[in-house]
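Quick note, the sequences are listed as chains U and S, same order. With the first letter of the first sequence counted as 1, position 330 gets the number 444 in the working numbering; the numbers rise by one all the way through. With the first letter of the second sequence counted as 1, position 46 gets the number 53 in the working numbering; the numbers rise by one all the way through. Ideal placement from N, C-alpha and C gives every residue a C-beta, glycine not left out. Only a predicted model underlies this, so the values are computations on that prediction, with no experimental measurement involved. Working notes, structure below.
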Amino acid sequence: MGLPIELTYLAASILFILGLKGLSHPETARRGMIFAEIGMLLAIVGTLFHRDIISYEWIVAGLIIGSIIGGAISIWVPMTAMPQRTALSHAFGALAASLVGVSEYYRHGADISTFKMGALSFEVLLGGITVTGSLMAFIKLQDWIRGTPITYRGQNILNLLLLGVTISMFFYLFFAPSAHLVFYAMAGLAFVFGVLLVLPIGAADMPVVMSLMNSYAGLAAAATGFAISNNVLIIAGTLDGFSGFILSVLMCRAMNRSITNVLFGAFGAEIEVTLSGSLGEMREVKAEDVAVQLAYANQVIFVPGYGMATAQAQHAVRELATMLEARGVTVKYAIHPVAGRMPGHMNVLLAEANVPYSSLYDLEQINPEFPATDVAVVIGANDVVNPDARDNPKSAIAGMPILEVDKARTVVVLKRGKGKGFAGIENPLFFKPNCGMLYGDAKASLIKLAEAVQNA
Amino acid sequence: MSTEVIIAGLYVFALAAFLGYQLISRVPPLLHTPLMSATNAISGISLVGSLVTAGAHYNTLSTWLGFIAVTASTINVVGGFMITDRMLKMFKRQHAPRKDSTEEQKRA
């Protein structure tokens with residue numbers, strides 16, 4: 115492949131690693147990304163001198179079309195739609211990997227070594243699952259189909275059977291690399307499996323799905339690296355694969371569930387028996403009264419959830435917070451790892467609204483602060499503040515680490531209506547004596563609160 | 008493919024895996040969304056494989072598949088880096104001088 119090209123790949127690998135290292139702190143993150151961008155540029159320019167390349171028309175066309183689409187999406191996509199964009203990009207990345215895999219197989223066919231065959235199969239298999247799985251996740255996040263799990267009888271058995279057949283084909287190809295039909299059938303089944311895999315997963319579990327797809331897309335790229343003996347691909351793909359894997363583990367831990375449970379548990383499908391009779395009545399509060407509590411508080415903690423994203427309420431939260439801070443109130447934000455639809459979703463939205471990141475707190479940091487907090491304001495979050503996870507071992511979410519807002523002196527829950535949360539689980543928090551419900555669209559409620567604080 | 012090449016590849020994979028674990032564990036939850044878009048852009052490096060496939064004229068099918076792959080990877084590389092930067096720009100330690108004040112006046 116020529117030494118100069120290999121050297122650009124080596125430089126790219128080092129720059130990628132420096133880039134990811136920069137992400138360990140918000141102050142160094144942008145500089146790190148510039149390193150990674152330079153690395154990418156070097157590798158691409160180097161590759162253009164590859165001796166196999168004899169003409170550039172398709173390359174240039176692809177580069178231009180891709181840049182226009184990619185640039186346009188990244189400029190115009192709203193921050194609230196970041197999960198959808200990320201799902202799409204996993205699909206694109208995996209598509210590229212699986213197409214290169216198919217092309218390599220088509221070109222070399224029978225005279226392929228066992229190892230290369232394994233890498234190619236792996237690439238096409240993971241790539242296929244990721245393409246359709248991510249597209250399904252996209253469709254669910256975009257609300258084109260309902261976000262609740264879609265289940266039917268024998269679903270898990272069918273899925274496992276399909277997976278079994280696909281994996282058998284994978285191993286068969288080791289011994290009979292020339293079985294074209296098996297290879298293409300395997301690729302096709304991988305695409306089907308991706309759809310079936312994500313169908314039964316509820317929208318609230320999307321942070322795990324997103325992380326897993328991130329991991330698969332990376333591993334597919336790494337497999338491409340093995341198939342075409344390219345180290346920079348192996349390195350970048352492995353880094354991506356591990357990043358996704360670590361995020362999946364963190365997300366699962368934040369829900370006290372296993373990955374198997376997330377994938378095959380169809381969580382939130384069945385509606386639980388309602389307990390509201392025994393729990394008492396929810397207390398509705400008026401915006402004016404809440405505003406007075408907020409205005410004269412020492413410390414207020416905002417707890418955002420996916421409802422804040424759907425209501426596009428992040429700017430309204432910040433405006434209310436600025437007003438409170440001007441009155442001398444300490445304002446903090448408590449971010450649960452699985453709040454929203456992807457890892458870090460809430461942080462990005464609040465950063466967009468100009469909330470300084472020094473006011474954003476993780477689960478462990480903020481929980482000890484609730485007892486000393488006058489008002490905790492829950493904005494469109496539900497399961498992540500459900501005290502049943504801590505107190506009731508029989509609860510469907512038992513053991514899930516929660517934000518202990520119920521320990522604050524007063525809790526105000528901004529909620530659209532009286533209905534249950536996404537998972538269909540009753541939330542005893544809403545019935546506690548220190549908890550008041552402020553019904554209505556989150557953004558409208560927050561604006562009302564801000565107006566009332568101004569007059570307080 | 009010779010055994011040495013395979014073994015060298017496996018070494019690279021194993022070391023990258025350990026390094027990845029170390030690097031990613033240090034990324035704070037604050038930056039998990041930019042992390043995901045950044046790693047996505049970086050793994051768009053599979054573009055280098057697609058480039059050769061698209062430009063080598065091995066056969067018509069390969070050229071077409073390569074072309075689609077180049078387009079898809081480029082979307083990820085360009086879009087991924089641009090959107091990561093757009094996000095990272097927003098993270099500020101303290102209240103920055105209000106850049107978006109005009110936008111806020113519009114809303115108000």
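Below 6 Å CB to CB, which residues in the same chain sit around residue i once its five sequence neighbours on both sides are set aside?
i	result
Ala158 (chain S)	Because chain S is modelled from 8 through 115, residue 158 (chain S) falls outside the range shown and cannot be assessed.
Glu395 (chain U)	none
Pro321 (chain U)	Met365, Val452, Met456 and Pro457
Asp555 (chain U)	Ala425
Leu240 (chain U)	Tyr330, Leu333 and Ala334
Ser212 (chain U)	Val238, Gly241 and Gly242
Ile52 (chain S)	none
Thr338 (chain U)	Ala211, Val214, Glu237 and Leu347
I'd like to confirm the pairing. Which residues does DSSP put opposite residue i in its beta bridges?
i	result
Val526 (chain U)	U:Val491 and U:Gly550
Asp476 (chain U)	U:Ile449
Ile415 (chain U)	U:Lys446 and U:Ala490
Glu398 (chain U)	U:Met551
Taking its Cβ as the centre, do 16 or more other Cβ atoms sit within 10 Å of residue i, making it buried, or is it exposed?
i	result
Gly232 (chain U)	buried
Asn506 (chain U)	exposed
Glu386 (chain U)	For Glu386 (chain U), the pLDDT reaches just 45, beneath the cut-off of 50, and the residue's location in the model is therefore unreliable, leaving the point undetermined.
Phe356 (chain U)	buried
Pro485 (chain U)	exposed
Gly116 (chain U)	exposed
Arg432 (chain U)	buried
Tyr123 (chain U)	buried
Pro291 (chain U)	buried
Asp502 (chain U)	buried
Trp172 (chain U)	buried
With a threshold of 8 Å on Cβ separation, who are the neighbours of residue i within its own chain once the five nearest residues in sequence on each side are excluded?
i	result
Asn548 (chain U)	Asp520, Ala522, Arg523, Thr524 and Val525
Val443 (chain U)	Leu408, Ala409, Ala411, Asn412, Gln413 and Val414
Ala201 (chain U)	Ser248, Leu249, Ala251, Phe252, Leu255, Met324 and Met327
Val34 (chain S)	Leu42
Can you pull the chain S residues whose beta carbon is under 7 Å from the beta carbon of residue i, in chain order?
i	result
Gly567 (chain U)	Here residue 567 (chain U) is Val; the residue named in the question, Gly, does not match the sequence. Simply none; closest approach about 15 Å.
Ser188 (chain U)	Gly86, Met89, Ile90 and Arg93
Gly176 (chain U)	Ala61, Phe74, Val77, Thr78 and Thr81
Phe356 (chain U)	Ala24, Gly27, Tyr28 and Ile31
Ile480 (chain U)	None at all; the shortest Cβ gap to chain S is about 12 Å.
Asp166 (chain U)	Val59 and Ala63
Would you mind telling me which residues of chain S sit closer than 8 Å to residue i, beta carbon to beta carbon, in chain order?
i	result
Thr103 (chain U)	Outside the modelled stretch of chain U, which goes from 115 to 570, sits residue 103 (chain U), for which no answer is possible.
Val346 (chain U)	Ile52 and Val55
Ile349 (chain U)	Val19 and Ala23
Gly185 (chain U)	Val85, Gly86 and Met89
Leu474 (chain U)	Leu37
Ordered along the chain, which non-local residues of its own chain (more than five positions away) have a Cβ less than 7 Å from that of residue i?
i	result
Leu54 (chain S)	Val77, Ser80, Thr81 and Val84
Leu129 (chain U)	Phe149, Ala150, Ile152 and Gly153
Gly391 (chain U)	With a pLDDT of 45 at Gly391 (chain U), under the threshold of 50, the modelled position of this residue cannot be trusted; read the value that follows with caution. Cβ neighbours of Gly391 (chain U) beyond the five flanking positions: none.
Residues of chain U with CB under 7 Å from residue i, in chain order?
i	result
Leu14 (chain S)	Reading off the sequence shown, one finds Ile at residue 14 (chain S), where the question assumed Leu. By Cβ distance, chain U contributes nothing, its closest Cβ being about 10 Å from Ile14 (chain S), past 7 Å.
Could you name the residues of chain S that residue i contacts, counting a contact when the two beta carbons are closer than 9 Å?
i	result
Gly133 (chain U)	Ala45 and Ile49
Ser181 (chain U)	Thr81, Ile82, Val84, Val85 and Gly86
Pro451 (chain U)	Pro36 and His39
Listed from N- to C-terminal order along the chain, which residues in the segment 325-340 of chain U have their beta-carbon within a distance smaller than 7 Å of any beta-carbon of chain S? Residues of the segment 325-340 of chain U with a C-beta less than 7 Å from any C-beta of chain S: Asn328, Ala331, Gly332, Ala335, Ala336, Thr338 and Phe340, listed in chain order.
What are the residues of the segment 456-471 of chain U that lie near chain S, defined by any Cβ-Cβ distance shorter than 7 Å? Under the 7 Å Cβ criterion, the segment 456-471 of chain U contributes Met456, Pro457, Gly458, His459, Asn461, Val462, Ala465, Glu466, Asn468, Pro470 and Tyr471.
Give the residues from the segment 149-163 of chain U that approach chain S closer than 9 Å (Cβ to any Cβ), ordered along the chain. Under the 9 Å Cβ criterion, the segment 149-163 of chain U contributes Ala150, Glu151, Gly153, Met154, Ala157, Ile158, Gly160, Thr161 and Leu162.
Interfacial residues, the segment 61-76 of chain S to chain U, with Cβ spacing under 9 Å: Within the segment 61-76 of chain S, those residues whose Cβ lies closer than 9 Å to any Cβ of chain U are, in chain order, Ala61, Gly62, Ala63, His64, Tyr65, Asn66, Leu68, Ser69, Thr70, Trp71, Leu72, Gly73, Phe74, Ile75 and Ala76.
Give the residues from the segment 245-259 of chain U that approach chain S closer than 9 Å (Cβ to any Cβ), ordered along the chain. Taking 9 Å as the Cβ-Cβ cut-off, the segment 245-259 of chain U has no residue approaching chain S.
Taking Cβ-Cβ distances below 8 Å as the criterion, which residues of the segment 123-147 of chain U are in contact with chain S? Hits within the stretch, in order: Tyr123, Ala126, Phe130, Ile131, Gly133, Leu134, Lys135, Leu137, Ser138, His139, Pro140, Glu141, Ala143, Arg144 and Met147.
What residues from the segment 207-237 of chain U come within 7 Å of chain S, judged by C-beta to C-beta, listed N to C? So the close ones are Gly207, Leu209, Ala210, Ala211, Leu213, Val214, Val216, Ser217, Tyr220, Arg221, Ser227, Phe229 and Lys230.
Please list, in chain order, the residues of the segment 282-311 of chain U that have any C-beta partner in chain S closer than 7 Å. Interface annotation for the segment 282-311 of chain U against chain S: empty, criterion Cβ-Cβ distance under 7 Å.
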